[in-house]
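Going line by line, the protein sequences match chains D and H. Anchor point for the first sequence: position 37 equals 36 in numbering that gives the first Met the number 0, and the numbering is continuous, going up by one each time. Anchor point for the second sequence: position 90 equals 89 in numbering that gives the first Met the number 0, and the numbering is continuous, going up by one each time. The beta-carbon is built from N, C-alpha and C at its ideal position, and this holds for glycine as well.
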Amino acid sequence: MYEYVVGAISLVLEPRNLLTILVASVYGLFVGAIPGLTATMAAALLVPFTFFMEPLPAMAAIVAMEAMAIFAGDIPAALVRMPGTPSSAAYTDDSYALTKQGKAGQVLGVGVTCSAIGGLLGAICLMMAAPLLAEFAMSFTSFEYFWLAVLGLSSAVVVSSGSMVKGVISLMLGLLISTIGIDITLGYPRFTFGNVELTGGINFIPAMIGLFGVSEVFRNVLHSQELQVATSEAPRRIFAGMASIVRRFKMGILRSSIIGVVIGILPGAGADIAAWVTYAVTKNLSPEGHKFGQGHIEPIVCSTSANNAALGGAWVPALVFGIPGDSITAILIGVLMMKGLRPGPMIFEQQPVLLYAVYVTFMLANLLLVPLGYLAIRFSGMILGVSKNYLLPFILLFSIVGSFAINNSLFDVGVMLVMGVLGFLLEANGVPVAPIVLGIVLGPIVEQNFMISVIKTHWNLWEFFTRPVSAVLCLGAVLMWGYPLFSYLRKRKSSLSTSG
Amino acid sequence: MRIGELVIGGVAFVLAVFVFVLTLGFPQLPDGHPGPGLFPQLLSIIMAITGLALIGQNLSKGERRIRGEGKAEGREEWVNILWVVGAVLCYMLISEIAGFILTAVGISWVLMLRLGAARLKGLVISVGVVLFIYWLFSQALLVPLPLGVMGH
């Protein structure tokens, strides 16, 4: 292990990799600090660049970008009461109320410090959990992978925000999109309508750029909002009293980071859900919970730790099983597949140095978050002053060129546009788009493993339920679907008895 | 009742039926078991059921939610969306002929003006950023962006 760590550190410290991490960090801070632009959009627009990079800088760019963007979302939340990314929404009211009391520096200082601590704890959990799970997953066959993917898809629907029916529609759309092209059993072209470009299937990258980049442009040109900055001065005394705040809430930070990691591991649930759940848990446990929402520092400390910790958690299923923990890791899996690297337990045997390099990058990115985050806070006025009238056309242009760059094909630009319109229309009606992404990524895994299994056993479907790990995973999927259904029926019964 | 949700439910149902019908023409495995059509068939059945469920959910909510559904956006903001769609279509249609630089400057500048940016500042920024994007993709990443008339 020692030689892997040394090899990984020297790999990460190569000037080219360091420069990539630095550029991606600045990019993440910029995008995260602009309300309306999400970390997922930033990741989707980063993909065309990662396409031309080696695996390590590609992964390092995504790690650094997401760590910075999730923190940077706190900046406009505190200064203009608009979360830069959905992950900062849970504690926006507290942040803004404290800013109005003249404590913008303290709020953002807590944001950057606790994000870094949460991110580091998340990285430690990733380092500890991933190899253990990978060892366990070595015995998995197509049956287990089938159920694992089903569990991932189920979790994406059940855990994602909004109605479950809408989540299922979104998921089915993603899965159906994944069936376009040559099928794996007979090589039969499905839903291609004689179009040669469709025989290879819908390319994941333009689809992502459309769903997260172009739909964001649509949303922003529709809901243009003037930013009202709560304070005219740049936040000062950012780290004043920080040690005592961290000491006071140390158990809260630890608890929230663990919650963040666990939620991050669940497919479909990312940093934003981690922040909301942590907020609710902290409110219930805190003696001052009744003051939350009016300008209290505790929910900020805990939720901002959780959302950055969730990032490390989301990488666990992505690296170990190839099942994305959130939309960003879904994009990551797409990037790795493009590079011929299939995430899964084998990668821990075949590419140990690369994996250790990812852990080191997580650590480095979260350490870098403190100085770079400090600079972003100091220059927040300048970042928030960038007009979207100038920015949005270039996001669109990057989306077009990024989609084109993958295959040098205008067909992919068309795919991007269609997916952008689709994502916009669905989200405008409360249909989550994250399940579409998971459907596109996991669809081939579900189908391939199912078909391999049934052909192997001559269609003896009992094999799916009689293998011990398979049975446990199947039970997990049943419980995941059963619990919300049971709660719904119980609620309905109690409301009927009340009205009766 | 939300019209948008009803439409999504309806489209999901129709799409599911369409997919199911298409899959009926897919071949079976040599041993007679279901083949390429199996997975999309299962998906289309689930999608049809959820599409109907979404319609049912909305109809059962009745008239209660029709009010208060009004969006703050005006006609102008919705037209902005059409401009964005038009910009992408325009790029797809003319970039091969006019080349990346001219097309990109054109669409980004027009979109900026549409969104309320200053004319000269918008043009200067457009030219600068497009040249940077061209250098980045074409020179650094070796993506063959179309040169069009500028290549002759």
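Exercise for review: Say whether chain D places a C-beta atom closer than 7 Å to the C-beta of residue 31 (chain H).
Suggested key: Locating residue 31 (chain H) in the second sequence gives position 32, where the first residue counts as 1. By this cut-off, residue 31 (chain H) is not an interface position.
Exercise for review: Return yes when the C-beta of residue 445 (chain D) is under 6 Å from any heavy atom of the ligand ATP, and no when it is not.
Suggested key: What this structure holds is no ligand at all, so the ligand ATP is not there to describe.
**Study point:** chain H contacts made by the region 383 to 407 of chain D, where a contact means CB separation under 8 Å
**Key:** 386, 387, 388, 389, 391, 392, 393, 395, 396, 397, 399, 400, 403, 404, 407
Exercise for review: Consider the Cβ of residue 79 (chain H): report whether some Cβ of chain D lies at a distance smaller than 7 Å.
Suggested key: Numbered from its first residue, the second sequence carries residue 79 (chain H) at position 80. Residue 79 (chain H) counts as touching chain D.
Check your understanding: According to DSSP, which residues form a beta bridge with residue 181 (chain D)?
Key -> In the first sequence, counting from the first residue as 1, residue 181 (chain D) sits at position 182. According to DSSP, residue 181 (chain D) bridges with D:188.
Practice item. Could you tell me which of H:45, H:30, H:6 sits nearest to residue 16 (chain H), measuring between CA atoms? Key: Working through the second sequence from its first residue, we reach residue 16 (chain H) at position 17. Out of H:45, H:30, H:6, H:45 has the C-alpha closest to the C-alpha of residue 16 (chain H).
**Study point:** Chain-order list of residues whose beta-carbon lies under 8 Å from that of residue 472 (chain D) (same chain, five-residue window excluded)
**Key:** As a working mapping, residue 472 (chain D) is identified with position 473 in the first sequence. So the list reads 143, 146, 147, 149, 150, once near-sequence residues are dropped.
Review point. Is residue 26 (chain H) buried or exposed, if buried means 16 or more other CB atoms sit within 10 Å of its CB?
Key: Residue mapping note: residue 26 (chain H) aligns to position 27 of the second sequence, counting from 1. Residue 26 (chain H) is exposed by the Cβ-count criterion.
Point to revise | Rounded separation between residue 217 (chain D) and residue 15 (chain D) - CA only | key: As a position in the first sequence, residue 217 (chain D) is number 218, starting the count at 1. As a position in the first sequence, residue 15 (chain D) is number 16, starting the count at 1. If I take the Cα positions, the gap works out to 35 Å.
Check your understanding: Under 9 Å Cβ-Cβ, which residues of chain D neighbour residue 23 (chain H)?
Key -> One-based indexing of the second sequence puts residue 23 (chain H) at position 24. Ordered by position in chain D, no residue passes the 9 Å Cβ test against residue 23 (chain H), which lies about 13 Å from the chain.
Exercise for review: Just the C-alpha distance for residue 500 (chain D) and residue 83 (chain D), rounded to the nearest angstrom, thanks.
Suggested key: Here chain D covers residues 0 to 499 and nothing more, so residue 500 (chain D) does not appear.
Check your understanding: Any beta-carbon of chain D closer than 7 Å to the one on residue 102 (chain H)?
Key -> Taking the first residue of the second sequence as 1, we reach residue 102 (chain H) at position 103. No, residue 102 (chain H) lies away from the interface with chain D (no Cβ there is under 7 Å from its Cβ).
Check your understanding: Which residues, in order along the region 416 to 431 of chain D, keep a beta-carbon less than 9 Å from a beta-carbon of chain H?
Key -> 416, 419, 420, 423, 424, 425, 427, 428, 429, 430
Review point. How far does the alpha helix (DSSP H) with residue 56 (chain H) in it reach, from first residue to last?
Key: In the second sequence, the residue the question calls residue 56 (chain H) occupies position 57. Element bounds for residue 56 (chain H): 37 to 60.
Exercise for review: Mind the definition here: the region 394 to 401 of chain D touches the region 200 to 218 of chain D only if three or more C-beta pairs lie below 8 Å; say whether that holds.
Suggested key: With the rule of 3 Cβ pairs closer than 8 Å, the region 394 to 401 of chain D counts as touching the region 200 to 218 of chain D.
Review point. Can the beta-carbon of residue 67 (chain D) be found less than 7 Å from the beta-carbon of residue 45 (chain D)?
Key: Mapped onto the first sequence, residue 67 (chain D) falls at position 68. Mapped onto the first sequence, residue 45 (chain D) falls at position 46. Not a contact, by the Cβ cut-off of 7 Å.
Check your understanding: Roughly how many whole angstroms lie between the Cα atoms of residue 121 (chain D) and residue 309 (chain D)?
Key -> Numbered from its first residue, the first sequence carries residue 121 (chain D) at position 122. Numbered from its first residue, the first sequence carries residue 309 (chain D) at position 310. Their backbone Cα atoms lie some 7 Å apart in a straight line.
Practice item. State buried or exposed for residue 193 (chain D), treating a residue as buried only when at least 16 other CB atoms are found within 10 Å of its CB. Key: Within the first sequence, numbered from 1, the residue matching residue 193 (chain D) stands at position 194. Result: exposed.
**Study point:** CB contact flag (residue 94 (chain D), residue 72 (chain D), <7 Å)
**Key:** Your numbering for residue 94 (chain D) matches position 95 in the first sequence. Your numbering for residue 72 (chain D) matches position 73 in the first sequence. For residue 94 (chain D) and residue 72 (chain D), no; Cβs fall outside 7 Å.
**Study point:** Three-state secondary structure assigned by DSSP to residue 19 (chain D)
**Key:** Counting from one through the first sequence, the residue named residue 19 (chain D) turns up at place 20. In the structure shown, residue 19 (chain D) sits in a helix (DSSP, three-state: H, G or I).
Point to revise | Completely contained alpha helix (DSSP H) runs for the region 7 to 84 of chain D, where each covers 4 or more residues | key: Taking only runs of at least 4 residues, the alpha helix (DSSP H) segments lying wholly in the region 7 to 84 of chain D are 14 to 32, 38 to 49, 54 to 71, 73 to 79.
Review point. Are the beta-carbon atoms of residue 164 (chain D) and residue 53 (chain H) separated by less than 7 Å?
Key: The count along the first sequence starts at 1 and reaches residue 164 (chain D) at position 165. The count along the second sequence starts at 1 and reaches residue 53 (chain H) at position 54. Result yes, Cβ atoms of residue 164 (chain D) and residue 53 (chain H) sit closer than 7 Å.
Check your understanding: DSSP state of residue 486 (chain D), grouped into three classes?
Key -> Here residue 486 (chain D) refers to the residue found at position 487 of the first sequence. The answer is helix: DSSP assigns residue 486 (chain D) an H, G or I state.
Review point. Given that a residue counts as buried once 16 or more other Cβ atoms are within 10 Å of its Cβ, and exposed if not, what is residue 302 (chain D)?
Key: Here the question's residue 302 (chain D) lines up with position 303 in the first sequence. Residue 302 (chain D) is buried by the Cβ-count criterion.
Check your understanding: Mind checking whether residue 33 (chain H) and residue 18 (chain H) have CB atoms under 7 Å apart?
Key -> By 1-based counting over the second sequence, the position of residue 33 (chain H) is 34. By 1-based counting over the second sequence, the position of residue 18 (chain H) is 19. No, Cβ-Cβ distance for residue 33 (chain H) and residue 18 (chain H) is not below 7 Å.
Review point. In chain C, which residues lie with their C-beta within 8 Å of the C-beta of residue 187 (chain D)?
Key: Among the chains of the structure shown, chain C does not appear; the protein chains present are D and H.
Review point. Is the Cβ-Cβ distance between residue 204 (chain D) and residue 405 (chain D) less than 7 Å?
Key: On the first sequence, position 205 is the one that residue 204 (chain D) refers to. On the first sequence, position 406 is the one that residue 405 (chain D) refers to. Taking 7 Å as the Cβ cut-off, residue 204 (chain D) and residue 405 (chain D) qualify as a contacting pair.
Point to revise | Within-7 Å CB hit, residue 54 (chain H) to chain D | key: For the purposes of this step, residue 54 (chain H) is taken as the residue at position 55 of the second sequence. With 7 Å as the cut-off, residue 54 (chain H) does not count as an interface residue toward chain D.
Exercise for review: Check the C-beta distance from residue 281 (chain D) over to residue 297 (chain D) and give it rounded, since I have them as a contact under 8 Å.
Suggested key: Residue mapping note: residue 281 (chain D) aligns to position 282 of the first sequence, counting from 1. Residue mapping note: residue 297 (chain D) aligns to position 298 of the first sequence, counting from 1. The beta carbons of residue 281 (chain D) and residue 297 (chain D) sit about 6 Å from each other, so the pair counts as a contact at 8 Å.
Check your understanding: Hey, is residue 67 (chain H)'s beta-carbon within less than 7 Å of any beta-carbon in chain D?
Key -> Here residue 67 (chain H) is taken as the residue at index 68 of the second sequence, counted from 1. Note on residue 67 (chain H): pLDDT 43, under 50, position unreliable in the model; the coordinate value appears next. So, not an interface residue.
Review point. Taking the alpha-carbon positions, what's the residue 243 (chain D) to residue 382 (chain D) distance?
Key: The sequence position of residue 243 (chain D) within the first sequence is 244, counting from 1. The sequence position of residue 382 (chain D) within the first sequence is 383, counting from 1. Straight-line Cα distance between these residues: approximately 30 Å.
**Study point:** Assigned secondary structure, residue 406 (chain D) (DSSP; H/G/I helix, E/B strand, else coil)
**Key:** Counting from one through the first sequence, the residue named residue 406 (chain D) turns up at place 407. Three-state DSSP puts residue 406 (chain D) in a helix.
Check your understanding: Is the Cβ of residue 171 (chain D) closer than 7 Å to any Cβ of chain H?
Key -> Within the first sequence, numbered from 1, the residue matching residue 171 (chain D) stands at position 172. Judged by the 7 Å Cβ criterion, residue 171 (chain D) is in contact with chain H.
Review point. So, helix, strand or coil for residue 448 (chain D), using DSSP?
Key: Residue mapping note: residue 448 (chain D) aligns to position 449 of the first sequence, counting from 1. The answer is helix: DSSP assigns residue 448 (chain D) an H, G or I state.
Review point. Between the region 143 to 166 of chain D and chain H, which residues of the former have a C-beta closer than 8 Å to a C-beta of the latter?
Key: 162, 164, 165
Review point. Taking C-alpha atoms, which residue in D:166, D:236, D:350, D:369 lies nearest to residue 101 (chain D)?
Key: Here residue 101 (chain D) refers to the residue found at position 102 of the first sequence. When only C-alpha atoms are compared, the closest one is D:236.
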